[in-house]
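S.K.: In this note's numbering, the protein residues as written are 4 to 123.
In structure tokens, the structure reads:
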């Protein structure tokens, strides 16, 4: 069984979010949640919520299909970060100039699946 969760327009830069996502890619879902809970990076909290949401989506999908659900059998098969829209802001600088500040956003996607699905 495969389940997906997507978080769009996260106010964290894609480069920083990728550092966190790379920590948990390919790991068991419960182990990934434990890693993210104690990770120091600021992006670890939204990614933690996203992995928990993907696990919950898998549970709902299993209930809907009437199949047995084992949370320990779930692995993170796909996890990637795409760049979202950039908000442009300006800050006054010397001699009437303006310095541009880019406030970047991210789209994070996490897919969890059981081992037998991963083989297909």
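Glycine included, each C-beta is placed from N, C-alpha and C at the ideal position. Computed from a prediction, not measured in an experiment: that's the story for all the values here.
Specify the secondary structure class of residue 44 as computed by DSSP and reduced to three states.
M.R.: coil
S.K.: Is it true that the CB of residue 84 sits closer than 8 Å to the CB of residue 27?
M.R.: no
S.K.: Determine whether the beta carbon atoms of residue 77 and residue 50 lie at a separation below 8 Å.
M.R.: no
S.K.: Between residue 15 and residue 35, how many whole angstroms is the CB-CB distance? I'm expecting something under 8 Å.
M.R.: So it is not a contact: roughly 18 Å between Cβ atoms.
S.K.: Enumerate in chain order the residues of its own chain whose CB-to-CB distance from residue 2 is below 7 Å, with the five nearest sequence positions on each side excluded.
M.R.: Past the boundaries of the shown model lies residue 2; the chain is included only from 4 to 123, so the question cannot be answered.
S.K.: Would you list the residues sitting across from residue 91 in a DSSP beta bridge?
M.R.: Residue pairing of residue 91 in beta bridges, as defined by DSSP: 105.
S.K.: Between the alpha carbons of residue 48 and residue 54, how many angstroms are there, rounded?
M.R.: The alpha-carbon atoms of residue 48 and residue 54 are separated by roughly 10 Å.
S.K.: Is DSSP giving residue 10 helix, strand or coil here?
M.R.: strand
S.K.: Just how far apart, CA to CA, sit residue 80 and residue 86?
M.R.: 20 Å
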